[in-house]
Amino acid sequence: MSESRFRAAVIGLGRMGSTFDDEIKQGGQFFMPYCHAPTYTASPHTDLIAGADPHAEQGEIFADRWGLERGRIYADYREMLESERPDFVSLCTTARLRAGIMIDAINAGVKAIWAEKPFTLSLAEADEVIELANRKGAAIAVNCSRRYNVFFTEARRMVDEGELGEILQITAYTQCNLSHNGSHAIDAMRYLATGDVEWVFGEMESDEKAAGEQDLMGNGYMAFDHGARGFLRGTPTGAAPWEFDLIGTEGRVRSLAQGMETQYYCWVPGGLRDQGLPARAPFPLPTKIPSTGLSVVEDLVNCIETGRQPRCSGEDGRKALEIAIALRESHRRGGQRVDLPLADRSLRILSGEISGDAVPARVRRMQRNQAAG
Amino acid sequence: MYRAAVIGLGRMGSTFDDEITRGGSIFLPYCHAPSYVASPHTELVAGADLHAEQGAIFAERWGLTGEQIYGDHREMLAAERPDFVSICTTARHRAAIIEDAIQAGVKAIWAEKPIALSLAEADAIVELSTRNGVAIAVNCSRRYSPFLSEARRMAREGELGELLQITAYAECHLSHNGSHAIDTMRYLVDGDVDWVFGEMESDEEAAGEEDLKGNGYLAFDNGVRGFIRAMPTGTAQWEFDLIGTEGRVRSLANGADTQFYRWVPGGLRDEGLPARAPFPLPLSIQGTGLTVIADLVDAMETSSEPRCSAEDGRKALEIAIALRESHRQGGRRVDLPVADRSLRILSVEIGGDAVPARVRRLQQEPAAA
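Respectively, the protein sequence lines represent chains H and P.
Residues 7 to 379, numbered by this note's numbering, are exactly what the first sequence covers, in order.
Residues 6 to 374, numbered by this note's numbering, are exactly what the second sequence covers, in order.
Given below as structure tokens:
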């Protein structure tokens, strides 16, 4: 572990950059601190030294909340990068600008980027960011945070150590737009199944949605390179909210109800015709439950020191986006299987979270309240 | 009492129940002869089988005389004039024997699955039975399970809200036990399949006519979506998961466990939580075979369709064939109905059917002794 502390700055001082943790009352999917500013403040590795946001209201709230002087809040992130020379930068702006800001941050010489998801809107943007980051040796962690959730990492450890046998199937019931929270769902499927997707079949919520570029819901079938198969339901899931089901020849792990419960089944003798039975056994509890955000920072510090890729890398972010786009392509082509990688890198999804991003949601609320008051 | 006869006196016709030591997906009596013997509606009057060894075992086991056992099913149909006929032969001859039985004037047919090998055969059976007013129940027996029929009641009466998804993990060949898996999905969802996408276990298997494993995505006409994994399922054996907006039923481990979840207030951001509640126990559990017979009696007497009709048998076969077509066409969605009615799957159970498995064993034993 490094003795020195890293200088960390946040770009985009809204919900994920600053106050998201206030909304969370139960653990499972997240453990606190989760979002960017509270994590940098709590981490032994980092000092939160600056923030940047074009909206002055966001900057003021951020400075008050996290004890920064007004001089450390910048309207222009380029100016911030130049004046503060941060080691860590968090990218919590609208996804519309994320690729451009990542490129500027890498060129400004940052060591590590902690980026919100989705990684980018288009495949071309993702390609450019990854190429530049590799060339300049900047570590990028994408905040598909289930990779930093101890229950998921324990499930993955069980896979890696063969405790589930050969992995056959990963099923996800995750109502979401495929770029926005779909980036979480698809990434968690890849993480748990441990393989890469070779081809997909997808059905989107409608032909009209599939024809456009707006973020959209859909279902899909995924063929992984090591033989596992995936089924994703991103259309409404009713009584099965945010569930992952990882099935192997010897064991099975189910993460239920947004991570609030994790079940483990192992194969035991017995059953009809002595074919064996799936018996529920206690899921191994972790010896401690680390905060999600602190785990990301820890991972990035390790990457800076060793040069390896973060657990959820830019490459993982690109692959989640590429799978989402391929699912939509499958629908566009009349329900045909689509092989990865995709040839047309101009394809993109306008992630659900960028709608109305000219003014951040909190600033809109403040303006409404002023008008009403 | 209806006069009942069995054609094909092997495992399903006679002794299958001896293998079953636990309830769940089926309850005893389950297979044909023991059900006819136990049912208050029927008496077992005859059997037919090409293989004399099978007939001798059957007569002894079920207390029939040698005259009640026939080598030729047509002769049996003409001499005994049964009301009920069970078709438990190899699937290779099922369609033809069903047609013979209908022409001979039987009132009800209890047929093993799959109903036929080809769509054309299935079409002929459905057409002929409809024209002659003969009730056909296909033995996709999960429709006669008290747990799955309770799940279906819950779905129909809105207790699960709007249905969204049916997932099946059922390692099987798509015609053989796939006929069970696909039929159960249709039964629980209470809808028909508009189109499918399928992936078979290999290009070679998909190109041939032999029975095969595969996975598929099913689009139902009521908006529900289905996923079936019939490739190996490891620790998730014979599982059905029916998901609605207000509730969910999971049938696990080949029917050994049934779980019910309902949506209750609470959870992260007060979006609600899926809480496990007791699955409603049936008031009584009778043998699966007895439920089939009661259903056929009701169908005969009221001219209604059996719970698992010939049409249901045809649809299960057609969906299996469409899944294979999807793979054959390079992985693209295939709309139903399938235009080419000559398409067929050589159900895995017909392998080596020139001599029944039991007769083969009998022939090997003296040689070994």
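Even for Gly, the Cβ is constructed at its ideal location relative to N, Cα and C.
It should be emphasised that the depicted structure is a prediction, and the values quoted were computed from it without experimental measurement.
If you compare alpha carbons, which of F89(P), G60(P), D77(P), R79(P) is closest to T70(P)? That would be G60(P), whose Cα lies nearest to the Cα of T70(P).
If you compare alpha carbons, which of D208(P), S256(P), R191(P) is closest to D226(P)? The candidate whose alpha carbon is nearest that of D226(P) is R191(P).
What are the residues of the segment 255-270 of chain P that lie near chain H, defined by any Cβ-Cβ distance shorter than 8 Å? Those would be L257, A258, N259, A261, Y266, R267, W268, in chain order.
Presumed contact (8 Å Cβ cut-off) between G265(H) and T45(H), rounded CB distance: The C-beta distance from G265(H) to T45(H) rounds to 18 Å, too long to fall under 8 Å, and the pair is not in contact.
Could you name the residues of chain H that A211(P) contacts, counting a contact when the two beta carbons are closer than 8 Å? Chain H residues near A211(P): none, gap ~13 Å exceeds 8 Å.
Shorter than 9 Å from the beta carbon of E164(P) to some beta carbon of chain H? No, E164(P) lies away from the interface with chain H (no Cβ there is under 9 Å from its Cβ).
Going by DSSP, name the residue or residues bridged to D275(P). For D275(P), DSSP assigns no beta-bridge partner whatsoever.
Short of 8 Å Cβ to Cβ, which residues in the segment 189-212 of chain P face chain H? Listed by position along the chain: W200, F202, E204.
Relative to the C-alpha of D317(P), which residue among V254(P), A140(P), D54(P) is closest? Comparing Cα positions, the closest option is A140(P).
R13(H) at chain P interface by Cβ criterion, 9 Å: No, because no Cβ of chain P sits closer than 9 Å to the Cβ of R13(H).
If the cut is a Cβ gap below 9 Å, which residues of chain H does A10(P) touch? Within 9 Å of the CB of A10(P), no CB atom of chain H is found; the nearest one sits about 29 Å away.
Using DSSP's beta-bridge definition, name the partner residues of S314(P). According to DSSP, S314(P) shares a beta bridge with A142(P).
Whose CA, out of L129(H), E169(H), L184(H), lies closest to the CA of L348(H)? Out of L129(H), E169(H), L184(H), L129(H) has the C-alpha closest to the C-alpha of L348(H).
For the candidate residues D208(P), L341(P), I298(P), whose alpha-carbon lies nearest to that of R45(P)? Rather than Arg, the amino acid found at residue 45(P) in this sequence is Pro. Checked all of D208(P), L341(P), I298(P); the closest Cα to P45(P) is I298(P).
Once you ignore the five residues that flank T241(H) on each side, which residues in its own chain have a CB closer than 8 Å to its CB? Contacts found: Q181, E211, M223, G224, N225.
Mind pulling the chain H residues with CB within less than 8 Å of Y222(P)? Against chain H, the beta carbon of Y222(P) has neighbours under 8 Å at F207, E209, N225, Y227, F237, listed in chain order.
Can you pull the DSSP bridge partners for L351(P)? Partner(s): E215(P).
When burial is assigned at 16 or more other CB atoms within 10 Å of the CB, is E90(H) buried or exposed? Under a 10 Å Cβ-count criterion, E90(H) is classified as buried, with 16 or more other Cβ atoms of the shown protein chains found around its own Cβ.
Is it right to say M7(H) is buried, meaning 16 or more other beta carbons lie within 10 angstroms of its own, or is it exposed? No answer about M7(H) holds up, because its pLDDT of 45 lies below 50 and its placement is not dependable.
Using the rule of at least 16 other Cβ atoms within 10 Å of the residue's Cβ for burial, across every protein chain shown, is N375(H) buried or exposed? Exposed: under 16 other Cβ atoms inside 10 Å.
DSSP state of D28(H), grouped into three classes? Collapsing the DSSP output to three states places D28(H) in a helix.
Runs of beta strand (DSSP E) lying entirely within the segment 257-323 of chain H, each at least 3 residues, in chain order: You should have 257-262, 267-274, 283-287.
Residues of chain P with CB closer than 7 Å to the CB of I295(H), please, in chain order. Ordered by position in chain P, no residue passes the 7 Å Cβ test against I295(H), which lies about 16 Å from the chain.
Three-state class that DSSP yields for T47(P) in the structure shown: DSSP, reduced to helix, strand and coil, places T47(P) within a strand of the structure shown.
I'd like to know whether the C-beta atoms of L322(P) and A235(P) end up nearer to each other than 9 Å. Contact flag unset, no.
Residues of chain H with a CB under 8 Å from the CB of P237(P): which are they? Within 8 Å Cβ-Cβ: L174, T255.
Any heavy atom of the ligand HEM closer than 8 Å to the beta-carbon of E244(P)? Among the components modelled here there is no ligand, and therefore nothing to report on the ligand HEM.
Using three-state DSSP, classify R267(P) as helix, strand or coil. Of the three classes helix, strand and coil, the one that applies to R267(P) here is strand, per DSSP.
Answer with buried or exposed for Q73(P), where buried requires no fewer than 16 other C-beta atoms within 10 angstroms of its C-beta. Buried, because 16 or more other Cβ atoms sit within 10 Å of the Cβ of Q73(P).
Contacts around F152(P), its chain only, beta-carbon distance under 6 Å, and the 5 residues preceding and following it disregarded: Within the same chain, T263 come within 6 Å of F152(P) by CB-CB distance, once the 5 residues on both sides are set aside.
Separation of D340(P) from P39(H), as counted between CA atoms: Taking the straight line joining both Cα atoms gives about 50 Å.
By Cβ distance below 7 Å, which residues in the same chain neighbour A374(P) in space, the five residues on each side in sequence not counted? Here A374(P) scores only 48 on pLDDT, less than 50, and its place in the model should not be relied on; the value that follows carries that caveat. Excluding five sequence positions before and after A374(P), none of the CB atoms of its chain fall closer than 7 Å to its own CB.
To the nearest angstrom, how far is the alpha carbon of K325(H) from that of T52(H)? In a straight line, the C-alpha of K325(H) is about 29 Å away from that of T52(H).
Which residue's Cα is closest to the Cα of V343(P): D88(P), I187(P), L124(P)? With distances taken between CA atoms, V343(P) lies nearest to L124(P) out of D88(P), I187(P), L124(P).
Does I30(H) come within less than 9 Å of chain P when only Cβ atoms are used? Yes, I30(H) counts as interfacial toward chain P.
At 4 residues or longer, what runs of the alpha helix (DSSP H) sit wholly inside the segment 36-108 of chain H? List check, alpha helix (DSSP H) in window: 42-48, 62-72, 83-90.
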